[in-house]
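One structure below.
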Amino acid sequence: MIRLEKRKEPSRFWRIANPFLAVLLTMIAGGIMFAALGKDPVAAIRLIFFDPIFSETFASYSRPQLLIKSAPLILIAVGLAIGFKANVWNIGAEGQYIIGALFGAGVALAFFPAPGWYIFPLMVIAGAFGGFLWAMIPAILKTRFNTNEILVSLLLVYVAERILAAMALGLMRNPDQPGFPGSRDLRRYEAAYNAEIFAGTGVHWGVVAALIAVIFAYAMMTRHMLGYHVQLAGQAPRAARFGGVSPARLVVICLGISGALAGLAGMFEVSGPGGQVRIEFASGYGFTAIIVAFLGRLNPFGIVLAGLLLGLTYIGGELSQMMLQIPGAAIQVFQGMLLFFLLALDFQTNYRIRLTKGARA
Amino acid sequence: MILGSINPAVLIAALMVAATPILLAAIGELVVEKAGVLNLGVEGMMIMGACLGFIVAVNTGSPFIGFIGAALAGMALSLLFALLTQALMTNQVASGLALTLFGLGLTALLGQQYVGVTPPRTPKLDLGFLSDIPFLGRAFFSHDIVIYLTIALVAAVWWFLKYSRAGMILRAVGENHDAAHALGYHVKRVRTLAIMFGGACAGLGGAYLSLIRVPQWTEGMTVGAGWIALALVVFASWRPWRALAGAYLFGGVVVLQLNLQAAGVRIPVEYLSMSPYLITIAVLVFISSGKSRASSTAPGSLNRPFHASN
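Sequence order for the protein chains is A and B. Counting in this note's numbering, the first sequence runs from 1 upward without gaps. Counting in this note's numbering, the second sequence runs from 362 upward without gaps.
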């Protein structure tokens, strides 16, 4: 008879080991999936996880891409993780990402074609503010009316997508090319272009921002009172309330931080790698970042590793699409499986498997 | 006048069609939540049903076998959720999200060859003279059988929860799982069955989208219908008939919005198509802030994991 026994303390070993195990299991299950699609599983896994970094033919293109794809994931996930720790579930980061991009691009397009050093910093502020504002909708509805923040933040993603489409087709459309949807290309507007800081490395301002966010989040969670409150509210909500932690304040702070960071990510994307406000601009970073946050164990440094790994799957996905004609959606399945395996393995963190003799107790 | 060009009988008929997918998903989730489980994977199970139902229907040529396939597909995905949350005690919110992300990816992969294919037509139910009644016939008696079965399902769930012994056990498990366990009921077994029922219903709802309402397969075609179904359960305060009323109300909004688009109102399409989501949010706010606060009617053990410590 197999029995689960709750551990007195979560196992530290499994907490750290499980993400690695989950990746391994995902590779195996993914290999089976590729075999079912009629592709060589070993070649496919190699192409996704190793070739983007180590292959001589692809690495020159894909190494810089790694930072470009990972930076928004890390930036968003760091914010989400703070909320998840406090049991505040912002799952609408995709929407905050879109609105941040629109605010940032809006500032740029308003100044076009004026030069000026102050334009890009203004865009940064506007992007963070846009994401913050969009996240404040579920925050205020939660604190004022007790409305479920999960549903509201998620439904607002669909609203944000429609606003994005409306902007790309209407207000922000490039007046010089009225036949095409989409705004001016910000990469051709020097004052607004989020260019590479070191040429050929993929390091743009979003990467710098992600690094700063990771360090700040770490300092906040381990050294600051606010971080302590977040942890307390997540683990012992009643104790937190008696200890003077205001749940409403925490909801506003958690959603505000994650919204602002998601908005920043969107702004850095639209002014750099994305280039313009288009209908297809949103690429699901806001949802993948949820997986990154969990895979990184809600720890800022863990999130860096997880973000790099999932960034890698994006690039590897493109490569495998190009080289092996593996459908792009396979990568989404991959990412979903990763979360499944991680969640499933985590029962070892909290429970011990005991084999007992005889009938059930 | 623009509104004058809209035929009310056609509007009601279209409203029932628009409401049925989310009603199916919502009535399933309602039972799941009554058992004390929050499954946020409705969107993922719906899209699985939409995709698999479509594939089965196209290959067999029979929409009815397609619906059965959709129910099984939704159920299969929900079993994964049951395994995670009931056997492995994972966080329900995270597991539900995983289900949605996984379902969206898997269906994009599976459905690739079916984009642009036309599914077999689902026949309208022949109700004889009823369909010939002016106005009423067009509005209420000229539909496919699934619409009527859905209403019957709502009635059945209502009866089940209110009057049947099994339904009372299910509610007991959802209100207070420790007490139910002490009385000797199998909390996890009841919850697993409820989760499977919810999965089957969500799958059917998805198939209704891809086989009847649209009828086409496109990647991510549920566009939030699963989330709206989740909101509908809250709106309904966990009562089946209110879920029906809410779904029809919502269907009305969707259809009116589509009609306004077609009639060429001078509002860009993108803004009109936001309205279902905005109205869902508004209704959620209204319900949660009202006197009968949603939290007080929610099942007592909702979203709380159960582990018998012996």
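The beta-carbon is built from N, C-alpha and C at its ideal position, and this holds for glycine as well. As the structure is a computational prediction, the values presented were derived from the model and not from experiment.
Check each residue of the region 565 to 597 of chain B: if its Cβ is closer than 8 Å to any Cβ of chain A, include it; give the result in chain order. Glu580, Val584, Gly585, Trp588, Ile589, Leu591, Ala592, Val595
Please compile the residues from chain B whose C-beta is within a distance smaller than 7 Å of the C-beta of isoleucine 239 (chain A). The residue you call residue 239 (chain A) lines up with position 239 of the first sequence. According to the sequence shown, residue 239 (chain A) is alanine rather than isoleucine. By Cβ distance, chain B contributes nothing, its closest Cβ being about 18 Å from alanine 239 (chain A), past 7 Å.
On a Cα-Cα basis, can you pick out the residue from B:Ala434, B:Gly410, B:Val616, B:Thr421 that is closest to leucine 482 (chain B)? As a first step, residue 482 (chain B) must be located in the second sequence, where it is residue number 121. A small fix is needed here, since residue 482 (chain B) is arginine in this sequence, not leucine. Of B:Ala434, B:Gly410, B:Val616, B:Thr421, the residue nearest in Cα terms is B:Thr421.
Residue from B:Ser649, B:Pro660, B:Ala659, B:Ala624 whose Cα sits closest to the Cα of threonine 147 (chain A): Here residue 147 (chain A) is taken as the residue at index 147 of the first sequence, counted from 1. Comparing Cα-Cα distances from threonine 147 (chain A) to each of B:Ser649, B:Pro660, B:Ala659, B:Ala624, the minimum goes to B:Ser649.
Got a sec: is the Cβ-Cβ distance from leucine 514 (chain B) to anything in chain A below 8 Å? Taking the second sequence and counting its residues from 1, one reaches residue 514 (chain B) at position 153. No - not a single Cβ of chain A is within 8 Å of the one on leucine 514 (chain B).
So which residues of chain A does methionine 635 (chain B) contact, with C-beta pairs closer than 8 Å? Against the second sequence, residue 635 (chain B) aligns to sequence position 274. Tyr158, Val159, Arg162, Ile163, listed in chain order.
Kindly confirm or deny that the region 261 to 281 of chain A and the region 327 to 334 of chain A touch, where touching means at least three C-beta pairs closer than 8 Å. no
Once you ignore the five residues that flank leucine 66 (chain A) on each side, which residues in its own chain have a CB closer than 8 Å to its CB? As a working note, residue 66 (chain A) is residue 66 in the first sequence. Excluding residues within five positions, the ones whose Cβ falls inside 8 Å are Pro52, Ile53, Gly202, Leu308, Gly311, Leu312, Ile315.
Excluding the 5 residues preceding and the 5 following glutamate 536 (chain B) in the sequence, name in chain order all residues of the same chain whose CB lies nearer than 8 Å to its CB. Counted from its first residue, the second sequence places residue 536 (chain B) at position 175. Correct list, in chain order: Gly397, Pro660, Gly661, Ser662.
In chain order, each beta strand (DSSP E) run of at least 3 residues that lies wholly inside the region 55 to 120 of chain A: none
Short Cβ contact (8 Å threshold) for alanine 22 (chain A) with leucine 342 (chain A): Residue mapping note: residue 22 (chain A) aligns to position 22 of the first sequence, counting from 1. Residue mapping note: residue 342 (chain A) aligns to position 342 of the first sequence, counting from 1. Yes, the Cβ-Cβ distance between alanine 22 (chain A) and leucine 342 (chain A) is below 8 Å.
Under 8 Å Cβ-Cβ, which residues of chain A neighbour methionine 450 (chain B)? Locating residue 450 (chain B) in the second sequence gives position 89, where the first residue counts as 1. Going along chain A in sequence order, the residues near methionine 450 (chain B) (Cβ under 8 Å) are Leu4, Phe347, Asn350, Tyr351.
Could you give the distance in angstroms between the alpha-carbon of glycine 131 (chain A) and the alpha-carbon of valine 157 (chain A)? The count along the first sequence starts at 1 and reaches residue 131 (chain A) at position 131. The count along the first sequence starts at 1 and reaches residue 157 (chain A) at position 157. In a straight line, the C-alpha of glycine 131 (chain A) is about 12 Å away from that of valine 157 (chain A).
For lysine 85 (chain A), count neighbouring C-beta atoms within 10 Å of its own C-beta (all shown protein chains included) and say buried if the count is 16 or more, exposed if not. Locating residue 85 (chain A) in the first sequence gives position 85, counting from the first residue. Looking at its Cβ environment, which holds 16 or more other Cβ atoms inside 10 Å, lysine 85 (chain A) is buried.
May I ask which residues mark the beginning and end of the beta strand (DSSP E) holding glutamate 355 (chain A)? Residue 355 (chain A) sits at position 355 when you count from the first residue of the first sequence. The sequence as given places leucine at residue 355 (chain A); glutamate does not occur at that position. Element bounds for leucine 355 (chain A): 351 to 355.
From glutamine 622 (chain B) to phenylalanine 647 (chain B), what does the alpha carbon distance come to, in whole angstroms? The residue you call residue 622 (chain B) lines up with position 261 of the second sequence. The residue you call residue 647 (chain B) lines up with position 286 of the second sequence. Going from the Cα of glutamine 622 (chain B) to the Cα of phenylalanine 647 (chain B) covers about 27 Å.
Assumed close pair arginine 526 (chain B), alanine 379 (chain B) - CB separation to whole angstroms, cut-off 8 Å: Taking the second sequence and counting its residues from 1, the one referred to as residue 526 (chain B) is at position 165. Taking the second sequence and counting its residues from 1, the one referred to as residue 379 (chain B) is at position 18. Incorrect: roughly 36 Å between the Cβ atoms, too far for contact.
Any contact between the region 340 to 356 of chain A and the region 562 to 581 of chain B? By contact I mean 3 or more CB pairs, one from each, below 8 Å. no
Helix, strand or coil, according to DSSP, for arginine 365 (chain A) in the structure here? With chain A represented from 1 up to 361, any question about residue 365 (chain A) goes unanswered, as that position is not in the structure.
Opening and closing residue of the alpha helix (DSSP H) in which methionine 220 (chain A) lies: Within the first sequence, numbered from 1, the residue matching residue 220 (chain A) stands at position 220. 205 to 223 is the span of the alpha helix (DSSP H), which, as asked, contains methionine 220 (chain A).
Between the region 315 to 335 of chain A and chain B, which residues of the former have a C-beta closer than 9 Å to a C-beta of the latter? Pro327, Gly328, Ala329, Ala330, Ile331, Gln332, Val333, Phe334, Gln335
At 7 Å on the CB atoms, spell out the chain A contacts of isoleucine 642 (chain B), in chain order. Here residue 642 (chain B) refers to the residue found at position 281 of the second sequence. Those are Val152, Leu155, listed as they occur along chain A.
Tryptophan 14 (chain A) at chain B interface by Cβ criterion, 8 Å: Within the first sequence, the letter at position 14 stands for residue 14 (chain A). Tryptophan 14 (chain A) does not count as touching chain B.
Counting Cβ pairs closer than 8 Å, one from the region 395 to 412 of chain B and one from the region 636 to 647 of chain B, do we hit at least three? no
Less than 8 Å separating the beta-carbons of histidine 204 (chain A) and glycine 272 (chain A)? By one-based count along the first sequence, residue 204 (chain A) stands at place 204. By one-based count along the first sequence, residue 272 (chain A) stands at place 272. In contact: histidine 204 (chain A) and glycine 272 (chain A) (Cβ atoms closer than 8 Å).
Would you check if the distance between the CB atom of alanine 431 (chain B) and the CB atom of glycine 410 (chain B) is smaller than 8 Å? By one-based count along the second sequence, residue 431 (chain B) stands at place 70. By one-based count along the second sequence, residue 410 (chain B) stands at place 49. Yes, Cβ-Cβ distance for alanine 431 (chain B) and glycine 410 (chain B) is below 8 Å.
Taking CB distances under 8 Å as the criterion, tell me whether valine 646 (chain B) reaches chain A. In the second sequence, counting from the first residue as 1, residue 646 (chain B) sits at position 285. Yes, valine 646 (chain B) lies at the interface with chain A (some Cβ there is under 8 Å from its Cβ).
When DSSP labels each residue in this structure, what does methionine 362 (chain B) get in the three-state scheme? Reading the second sequence from its first residue, position 1 is the one you call residue 362 (chain B). For methionine 362 (chain B), the pLDDT reaches just 42, beneath the cut-off of 50, and the residue's location in the model is therefore unreliable, although a value from the coordinates is still provided. Three-state DSSP puts methionine 362 (chain B) in coil, outside helix and strand.
Is the number of C-beta pairs between the region 616 to 633 of chain B and the region 129 to 145 of chain A that are closer than 8 Å three or more? no
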